[in-house]
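1 is the number of the first residue of the sequence shown in the UniProt record's numbering; add one for each residue after it.
Beta carbons are placed, not taken as given, at the ideal position from N, Cα and C, and that holds for glycine.
Reading through the structure tokens given below for one structure.
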Amino acid sequence: MFITFEGLDGSGKTTVIKLLAEKFKNTFKNINIITTREPGGQGIKEAEKIREIILSKESDISPITEAMLYSASRRIHLDKVVIPALKENKIVLCDRYIDSFYAYQGYARNLGIDFVKNLTSLVVQNLMPDITFFLDLSLEKSKERREKSRNIQSLNRLDIESDNFYKKVYDGYQELIKNEPKRFIVIDSNKKIDYVVNEIFNIIINHQLFKKHYKID
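Structure below.
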């Protein structure tokens, strides 16, 4: 299964994925699960170099250049991590995927949803997530969490974007969710982290694809 996690910065995606993977490994000894992220990808030097360029405050690149870099990184990530894992029937938990691209580049960077979807279709072909969890957090709470968890040295290009930029991102996500209600599952990330992890865990193990492809010992 290919499961992606979306949301504003500060929504808790990274922590949820880490704890969820641990819960799966502790519960099911016979199920292999991996965690990864975009842009970049754990242990992929080429994709991580592109990530550094995209996120560096020193980078002065246009929205189209940024979109092309994201797309190159995504294809490398698919070839080296996601596709091989899925072929081995592993569960892939991915921190951001195409919906971040749509929300940030298509909506917030004003490239247009048609442009980014057409570009994405060339890059990912038919590799769509089986489930996408959107960890819902208000714009105000997202900003508060970002400011608490980061200092000035660790800020990247996205951290210094305006409130209006993040509003466009959030509104873009809402449009995507409305258009694909069967794929998206909205999770209230204001709840305690353990509750969120258990909620997502139970949704996954009761999903028809999980029951079809994985035997529970």
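Query raised in the report: Near LYS13, which residues of its chain fall below 8 Å by C-beta distance, leaving aside the five closest residues on each side in sequence?
Result: For the purposes of this step, residue 13 is identified with residue 13 of the sequence shown, where counting begins at 1. Taken in chain order, the residues that qualify are PHE5, GLU6, GLY7, ASP95, ARG96, LEU135.
Requested in this report: Report the rounded CA-to-CA distance for ILE152 versus LEU55, giving the unit in angstroms.
Outcome: Position 152 of the sequence shown, counted from the start, is the residue given in the question as residue 152. Position 55 of the sequence shown, counted from the start, is the residue given in the question as residue 55. Only weak support is given to the placement of ILE152: the predicted model assigns it a pLDDT of 49, under 50, and the value that follows is read from those uncertain coordinates. Cα to Cα, the separation comes out at about 14 Å.
Query raised in the report: How long is the line joining the alpha carbons of ILE17 and ASP60, rounded to whole angstroms?
Result: Position 17 of the sequence shown, counted from the first residue, corresponds to residue 17. Position 60 of the sequence shown, counted from the first residue, corresponds to residue 60. Rounded to the nearest angstrom, the two C-alpha atoms are 31 Å apart.
Query raised in the report: Does the beta-carbon distance from VAL116 to ARG74 come in below 8 Å?
Result: Residue 116 sits at position 116 when you count from the first residue of the sequence shown. Residue 74 sits at position 74 when you count from the first residue of the sequence shown. No. Outside cutoff.
Report task. Following the continuous alpha helix (DSSP H) through ILE3, name the residue where it begins and the one where it ends. Result -> Taking the sequence shown and counting its residues from 1, the one referred to as residue 3 is at position 3. No alpha helix (DSSP H) holds ILE3; the beta strand (DSSP E) holding it covers 2-6.
Query - Sequence-distant residues of its chain with Cβ nearer than 8 Å to ILE177 (five each side left out) - result: Indexing the sequence shown from 1 puts residue 177 at position 177. Cβ within range, chain order: PHE134, PHE184, VAL186.
Query raised in the report: Does DSSP put LEU127 in a helix, a strand or coil?
Result: In the sequence shown, the residue the question calls residue 127 occupies position 127. LEU127 falls in the coil class under three-state DSSP.
Requested in this report: Along the beta strand (DSSP E) that carries ARG37, what are the first and last residues, could you check?
Outcome: Along the sequence shown, one-based indexing puts residue 37 at 37. 33-37 is the span of the beta strand (DSSP E), which, as asked, contains ARG37.
Query raised in the report: Rounded C-beta distance between PRO181 and PHE2? I'm assuming under 8 Å.
Result: For the purposes of this step, residue 181 is identified with residue 181 of the sequence shown, where counting begins at 1. For the purposes of this step, residue 2 is identified with residue 2 of the sequence shown, where counting begins at 1. Actually they do not touch by this definition, with Cβ atoms about 18 Å apart.
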